[in-house]
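Asks:
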Amino acid sequence: MSPAPRLPSRLATLRAEPGWRRIDLISDLHLSPDMPATLARLRAHLSATPADAIFLLGDIFEAWIGDDARWQAGTFEQFALELLRGVSARKPLFFMHGNRDFALGEPMAEDAGMRLLPDPARLEAFGRGWLLSHGDQLCLGDVGYLRARAAVRRPGVLAALRAMPLFARRALARHLRAKSRMHQSDPSTWADVDDDAARAWLRDAGCDTLIHGHTHRPALHDLGDGLARAVLSDWDYDHGPGRGDVLVMDARGLHRIAPMHAAAPDPHAGGGSP
11 MSPAPRLPSR
21 LATLRAEPGW
31 RRIDLISDLH
41 LSPDMPATLA
51 RLRAHLSATP
61 ADAIFLLGDI
71 FEAWIGDDAR
81 WQAGTFEQFA
91 LELLRGVSAR
101 KPLFFMHGNR
111 DFALGEPMAE
121 DAGMRLLPDP
131 ARLEAFGRGW
141 LLSHGDQLCL
151 GDVGYLRARA
161 AVRRPGVLAA
171 LRAMPLFARR
181 ALARHLRAKS
191 RMHQSDPSTW
201 ADVDDDAARA
211 WLRDAGCDTL
221 IHGHTHRPAL
231 HDLGDGLARA
241 VLSDWDYDHG
251 PGRGDVLVMD
261 ARGLHRIAPM
271 HAAAPDPHAG
281 GGSP
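With positions in the sequence shown counted from 1, the corresponding number in my numbering is that position plus 10.
In structure tokens:
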């Protein structure tokens, strides 16, 4: 098992605006040109939600081949840019890298109107402290993955990736998508977040709830001593009956809802369970 990562000495902290009444948290959509129905469902939700802010907590894209791809007319990356721009023009939009889209950089974020968040980050909202993470750093049982994660995020590796011709990066992305489909066929073999490491992070951060994605196992876990971790859902509306939900944060706490299709009702009426 890998050693538990320590929180940064200066943990990034974001304070919700006083007027915010609802925050939507989403992760693990794994969007690509091969996922048109999932992309359409996200677009519908982002158009309909009454949320005051949107937090995208990693693996929004199955693979991000480079910010320069956003300028190619008619490409998936250009469509993604236009979609995110449309959201950020109406409400604050925050983006945290996952293990699939870690190559998304400041140029894309700036053009899309998104604020990049480090992983982890502390959110102060509705009188509480929440710790946000993609979650992969805490899957301590996946030793091989964590070693690979550290290797590919080195500046030299990222620079080499970005220096590749765009056609080569697209071919690499297709290869990675094929490998991902094989890996995702048996989720029971995936490592889960280590609860002891999650508790340590929460205590050090002064938060009571960790919100993360990555594992595709949506649930609310009681960690004892008033601590909890809430796991975000992955989305897939292109294979089978479809799955995916949005974690809503408001003054009442956390609530799960299905992605919205049309004009939203009163955001404070009803609500699901975490």
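From the three backbone atoms N, C-alpha and C, an ideal C-beta is built for every residue, glycine too.
(1) Taking CB distances under 8 angstroms as the criterion, tell me whether G137 reaches chain D.
(2) When you compare the stretch 36-55 with the stretch 164-179, are there three or more beta-carbon pairs, one atom per stretch, that lie closer than 8 angstroms?
(3) Mapping the DSSP letters down to three states, classify H222 as helix, strand or coil.
(4) Is the CB-CB distance between G216 and L67 below 8 angstroms?
(5) Give a yes or no on whether the C-beta atoms belonging to L230 and D218 are separated by under 8 angstroms.
(6) For D340, list the residues DSSP reports as bridge partners.
(7) Hey, quick one: how far does the beta strand (DSSP E) through L94 stretch, first residue to last?
(8) Could you give the DSSP three-state label for F136: helix, strand or coil?
(9) Residues in the same chain with beta-carbon distance under 7 angstroms from L148, minus the five sequence neighbours each way, listed in chain order, please.
(10) Expressed to the nearest angstrom, what Euclidean distance is found between the alpha-carbon atoms of E92 and L114?
(11) Cβ atoms of A119 and L127: under 8 angstroms apart, would you say?
(12) Check whether the Cβ atoms of V258 and D62 lie closer than 8 angstroms to each other.
(13) Applying the 10 Å Cβ sphere with the 16-neighbour rule, what's the burial state of T23?
(14) Rounded to the nearest angstrom, how far is the Cβ of P228 from that of L242, given a contact under 8 angstroms?
(15) Straight-line CA distance for E116 to G254?
Replies: Result, derived from the coordinates:
(1) Of the protein chains in the structure, only one exists, and it is not chain D.
(2) The count of Cβ pairs closer than 8 angstroms, one atom from the stretch 36-55 and one from the stretch 164-179, stays below three, leaving the stretches out of contact.
(3) strand
(4) For G216 and L67, no; Cβs fall outside 8 angstroms.
(5) If you check the CB distance, L230 and D218 do not come in under 8 angstroms.
(6) In this structure the chain extends from 11 to 284, so residue 340 is not present and cannot be described.
(7) First-last for L94: F86 to S98, but that is the alpha helix (DSSP H), not the beta strand (DSSP E).
(8) DSSP places F136 outside both helix and strand once states are collapsed to three, so it counts as coil.
(9) Within its own chain, the residues whose Cβ lies closer than 7 angstroms to the Cβ of L148, once the five positions on either side in sequence are excluded, are V203, D204, A207 and A208, listed in chain order.
(10) 15 angstroms
(11) no
(12) Not closer than 8 angstroms, so no.
(13) exposed
(14) 6 angstroms
(15) E116 and G254 have their C-alpha atoms roughly 28 angstroms apart.
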